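Taking the numbering used here, the leading residue of the sequence shown gets 39, the next gets one more, and so forth.
Just so it is clear, CB atoms sit at the ideal spot from N, CA and C, and this is done for glycine as well.
Remember, it's a predicted structure, so these values are computed and weren't measured experimentally.
I have placed the structure first, in the form of structure tokens, so that the comments after it can refer back to it.
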Amino acid sequence: MKKVSIIIPLYNLEKLIGKCIASALAQDLSPEEYEILVIDDGSTDGSLAAAEKAAQGHPNVHVYTKPNEGLSRTRNYGTDRAAGRYVMYLDADDYLEPNVLGRLVETMECGGLDMLCFEIAGIDENGNDVPLWSDGISAGSDVQRGVDFLQRDRFLPMVYAYLYSREMLDANSLRMTPIWHEDEEFTPRALYYARRIQYLPVRVYNYLQRSDSFMGNYKPQSRLDLVRAMKSLPCFASRIGAEDPSGARLMRLHVGKTMSLACKQTVVRQLGNAREMLREARRQGIMPLEFRRRDFRHFLINRLPGLYVLYYKLHKKRK
Numbered sequence: 039m040k041k042v043s044i045i046i047p048l049y050n051l052e053k054l055i056g057k058c059i060a061s062a063l064a065q066d067l068s069p070e071e072y073e074i075l076v077i078d079d080g081s082t083d084g085s086l087a088a089a090e091k092a093a094q095g096h097p098n099v100h101v102y103t104k105p106n107e108g109l110s111r112t113r114n115y116g117t118d119r120a121a122g123r124y125v126m127y128l129d130a131d132d133y134l135e136p137n138v139l140g141r142l143v144e145t146m147e148c149g150g151l152d153m154l155c156f157e158i159a160g161i162d163e164n165g166n167d168v169p170l171w172s173d174g175i176s177a178g179s180d181v182q183r184g185v186d187f188l189q190r191d192r193f194l195p196m197v198y199a200y201l202y203s204r205e206m207l208d209a210n211s212l213r214m215t216p217i218w219h220e221d222e223e224f225t226p227r228a229l230y231y232a233r234r235i236q237y238l239p240v241r242v243y244n245y246l247q248r249s250d251s252f253m254g255n256y257k258p259q260s261r262l263d264l265v266r267a268m269k270s271l272p273c274f275a276s277r278i279g280a281e282d283p284s285g286a287r288l289m290r291l292h293v294g295k296t297m298s299l300a301c302k303q304t305v306v307r308q309l310g311n312a313r314e315m316l317r318e319a320r321r322q323g324i325m326p327l328e329f330r331r332r333d334f335r336h337f338l339i340n341r342l343p344g345l346y347v348l349y350y351k352l353h354k355k356r357k
């Protein structure tokens, strides 16, 4: 069995896929020990040809092509075909640090881990480090349970911030839901099932912040898509609630924190209509939101959402 399968979904990134594949090849495992699966999701430019060119002479690089179905289904397509003991997701416009896979595999094996979290760096189009927004990681470097990460609720939501045990993914039918913001929906479920997880403070992944990327061309509609993604987690909580009420509550608390933070950012950073976002949350049945500690803002978002929005508008003006 291969040690690692690196899954690279590809769509219309012919100028970047070569560097991405090259970074996956520049590792400290032998080609026989790992594989790189590039799945072209019906690209309309020269991405497929560019990927096939980059794969030439490298028998551990496998290029697939299929009709366009979106990022989630493309990642799932790769996961279903992966032969590795561990699975890593790498977006086609990003790239790995050289010679990091060996340490990741060693850490997974020594700790008997289901998941391993590592550091991500933001990179601009000139190769310079840039600040990367995240909620931060609140974890030591000891082996923990995934629910411990959920309990603190300070973890990286991006699926490419982790190395996963293929056995854990398959045993729990963990695949990505075909929606926008699929990472925010998938990662909490994966953490719930991870019996052993560890944080490794090593830079592994370089996230390219492109001006023409999904986040670079942010649309207010994305906030509504986040609401719909969050709807999946209370449904998951309902399924596990009878056997694990504390785990179900952690899911609901995560939804509450994610939604309140997203609403606040929507107002403060003028990313869309927060009132519409909260109306959609009510239509989707995820209101009222649950919180660890109640304060007046939590009361407002659940009972008087208009005043919640007004509060942050006034708070922004005072700054």
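Quiz item: Going by the beta-carbon positions, is the gap between Glu73 and Ala121 smaller than 8 Å?
Solution: yes
Quiz prompt | Extent of the continuous beta strand (DSSP E) run through Lys295 | solution = First-last for Lys295: 283-306, but that is the alpha helix (DSSP H), not the beta strand (DSSP E).
Practice problem: Could you check the C-alpha separation between Glu314 and Gln303 for me, to the nearest Å? | Solution: 14 Å
Practice problem: Please state whether DSSP places Ile59 in a helix, a strand or coil. | Solution: helix
Exercise. Could you spell out where the alpha helix (DSSP H) holding Ser203 opens and where it closes?
Key: Taken as a continuous stretch (DSSP letters only), Ser203 belongs to no alpha helix (DSSP H), being part of the beta strand (DSSP E) at 200-203.
Exercise. Pick helix, strand or coil for Gly116, following the three-state DSSP scheme.
Key: helix
Quiz item: Hey, Ile44 and Leu128 are a contact pair by Cβ (cut 8 Å); roughly how many whole angstroms apart?
Solution: 5 Å
Self-check item: Integer Cβ distance of Met289 from Pro216, believed to fall under 8 Å
Solution: Not a contact, Cβ separation roughly 20 Å.
Quiz item: Are the beta-carbon atoms of His219 and Asp263 separated by less than 8 Å?
Solution: yes
Practice problem: Return helix, strand or coil for Met39, following the three-state DSSP convention. | Solution: coil
Quiz prompt | Spatial neighbours of Met19 in its chain, beta-carbon cut-off 6 Å, leaving aside the 5 residues before and after | solution = Outside the displayed span of the chain (39 to 357) sits residue 19, for which this structure offers no information.
Quiz prompt | Residues sharing a beta bridge with Phe443, DSSP | solution = Past the boundaries of the shown model lies residue 443; the chain is included only from 39 to 357, so the question cannot be answered.
Quiz item: Can you tell me where the beta strand (DSSP E) with Leu54 in it begins and where it stops?
Solution: Careful: Leu54 lies outside any beta strand (DSSP E) and carries neither H nor E.
Practice problem: To the nearest angstrom, report how far apart Tyr133 and Gly165 are at their CA atoms. | Solution: 11 Å
Quiz item: So what does Thr103 bridge to, in DSSP terms?
Solution: Asp78
Quiz item: How many Å lie between Asp66 and Cys273 at the Cα?
Solution: 42 Å
Quiz item: Under 8 Å, do Glu157 and Pro239 count as touching if we go by C-beta distance?
Solution: yes
Self-check item: Start and end residues, beta strand (DSSP E) containing Val181
Solution: Segment: none, Val181 is in no beta strand (DSSP E) and carries neither H nor E.
Quiz prompt | Cβ separation of Leu86 and Thr103, assumed to be a contact under 8 Å, to the nearest whole Å | solution = 6 Å
Quiz item: Are there 16 or more other CB atoms within 10 angstroms of the CB of Met229, so buried, or fewer, so exposed?
Solution: First, the amino acid is wrong: residue 229 is Leu here, not Met. Buried, since its Cβ has 16 or more Cβ neighbours within 10 Å.
Self-check item: Met196 versus Val125 - alpha carbon distance
Solution: 14 Å
Quiz item: Between the region 47-63 and the region 77-92, do at least 3 Cβ pairs fall closer than 8 Å?
Solution: yes
Quiz item: Is it right to say Lys380 is buried, meaning 16 or more other beta carbons lie within 10 angstroms of its own, or is it exposed?
Solution: Residue 380 falls outside the range modelled here, since the chain spans only 39 to 357, and no answer is possible.
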